[in-house]
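A.B. asks:
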Amino acid sequence: MSDLPDLTGRVASISGATSGLGYATALWLLRKGAKVYIGARNESKAVAVLGKLEREGLGPGNGTPIYHKLDLANPKDAKESAEEFLKREERLDILVNNAALLAKPFELGPLGIQDIVIVNHISPFLFTSILLPLLKKTALLPDADVRIVNVSSYGHNFAVNVKFEEKEDFNGPNRENGPKDNVNRYGYTKLMNILWTKELSRRLKVSVDDGSSRIMCLSLHPGTVATEGITKWLMSFIWPVNYLLNAAYYLFSYTTDKASGTILIAAAAPNVRSERSEYDGAYLIPIGKIGKVSKDASDEKKQADLWNLTERILFDEIL
């Protein structure tokens, strides 16, 4: 990542940065001089990570890691977290929505919506929306380069024929808990990440010049990644399938350090800004290339429908 610019004086916020891709992304941004907020719900774990980051070689000229409480399991907590961030900071240059639940059995969360949709879409949507005024303010500063990055997945291709017309649509077409059902649920939320990113990009482009039109939005698939969370999920299968799946997965996986490359390119690479017309609203694949999305992800009606349904629920229940 030697081609990333000097980020001294810039501020970044990364969710799910206590391990895996989020941690690797935070480390690189810190090494480039950014102040990086580590968004996490577990304070003791986050504090331990701050110490680990220091031991990873951060020194003079590097940025500062800061813990920021962020619990995406409940949109009310995500709202409070964003409001607290606004009290702490005068600018925000890079927002990376990385935290996510992986494939898991169906379980209802707050608002009567399944927990994986809350954590992977609704709470990040609300967190980002509340931070938008600060992002817009930052975008008006000299030499600003403000970006919103949503970490999606190739798994978005597993979600087909979806609709976003009423609240119950967020609970999907079925509540079965087989391995395929669980993977499809995860893919459903990763489709939402892309739909939301594209609609947000479109809305910002046509906004009045309050900084909105200067903000770039990107989603991405980081690649097949060997992370702690993936290992835990693979090992949940019955023996010996779990060991065989785990071995095969790791054989063809990127390291978290390499996989973070696509996130870092989306967040800070100079060519993304200089070629804005190509990259704004785009979906990136490893390492940092513009990729194709599914038919559903390209559907502008679904992009708008998801946005409107999410807003309607949040206004009815939270705001």
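Residue numbering for the sequence shown follows our numbering, starting at 1 and increasing by one per position. Quick reminder that beta carbons are idealized off the backbone N, C-alpha and C, glycines included. Since the structure is predicted, the reported quantities are computational estimates derived from the model, not experimental observations.
Does DSSP put Pro133 in a helix, in a strand, or in coil?
C.D. replies: helix
A.B. asks: Determine the direct distance from the alpha carbon of Leu134 to that of Arg91, and round the result to whole angstroms.
C.D. replies: 6 Å
A.B. asks: Count the other CB atoms within 10 Å of the CB of Pro60; is the residue buried (16 or more) or exposed (fewer)?
C.D. replies: exposed
A.B. asks: Can you tell me the Cβ-Cβ gap for Asn74 and Leu21, rounded? I've got them flagged as a contact below 8 Å.
C.D. replies: About 23 Å; that fails the 8 Å criterion.
A.B. asks: Alpha carbon to alpha carbon, how far is Glu166 from Ile313? Give it in angstroms, no decimals.
C.D. replies: 9 Å
A.B. asks: Relative to the C-alpha of Asn193, which residue among Gly51, Pro173, Glu89, Asn120 is closest?
C.D. replies: Asn120
A.B. asks: If I measure Cβ to Cβ from Asp210 and keep anything under 8 Å in the same chain, skipping five residues before and after, which residues do I get?
C.D. replies: Lys136, Leu140
A.B. asks: What's the call for Arg88, buried or exposed, on a 16-neighbour Cβ count within 10 Å?
C.D. replies: exposed
A.B. asks: Does the region 293 to 304 come close enough to the region 49 to 56 to have 3 or more Cβ pairs within less than 8 Å?
C.D. replies: Not touching, per the Cβ criterion.
A.B. asks: Tell me, to the nearest whole angstrom, how far the beta carbon of Leu70 is from that of Ala78; I am working on the premise that it is less than 8 Å.
C.D. replies: 7 Å
A.B. asks: Taking the Cβ atom as the reference point for each residue, do Ile14 and Val36 lie within a distance shorter than 8 Å?
C.D. replies: yes
A.B. asks: Determine the extent of the beta strand (DSSP E) in which Ala12 is found, giving its start and end residues.
C.D. replies: Looking at the DSSP string, the run of the beta strand (DSSP E) that includes Ala12 is 11 to 15.
A.B. asks: Threshold first: 3 residues or longer. Then list the beta strand (DSSP E) segments lying entirely within the region 156 to 238, N to C.
C.D. replies: 216 to 220
A.B. asks: Is Ile263 near Val96, with beta carbons less than 8 Å apart?
C.D. replies: yes
A.B. asks: Which stretch, first to last residue, makes up the alpha helix (DSSP H) that contains Gly261?
C.D. replies: 256 to 268
A.B. asks: Going by beta-carbon coordinates alone, are Tyr154 and Leu218 separated by less than 8 Å?
C.D. replies: No, the pair does not count as a contact, with Cβ atoms beyond the cut-off.
A.B. asks: From which residue to which residue does the beta strand (DSSP E) around Arg41 run?
C.D. replies: No beta strand (DSSP E) contains Arg41, which DSSP labels as neither H nor E.
A.B. asks: Count the other CB atoms, across all protein chains shown, that sit within 10 Å of the CB of Lys301; report buried if there are 16 or more and exposed otherwise.
C.D. replies: exposed
A.B. asks: Would you check if the distance between the CB atom of Phe158 and the CB atom of Val183 is smaller than 8 Å?
C.D. replies: yes
A.B. asks: If you draw a straight line from the C-alpha of Leu30 to the C-alpha of Ser44, how long is it?
C.D. replies: 20 Å
A.B. asks: Put Asn97 into one of helix, strand or coil per three-state DSSP.
C.D. replies: strand
A.B. asks: Using DSSP with H/G/I as helix, E/B as strand and the rest coil, what is Asn308?
C.D. replies: helix
A.B. asks: When you compare only the Cα positions, how much space is there between Glu80 and Phe315?
C.D. replies: Their Cα atoms are separated by approximately 15 Å.
A.B. asks: What is the rounded straight-line gap between the Cα of Ala268 and the Cα of Glu84?
C.D. replies: So the two alpha carbons sit approximately 25 Å from each other.
A.B. asks: State the DSSP-derived secondary structure class of Leu284, mapped to helix, strand or coil.
C.D. replies: strand
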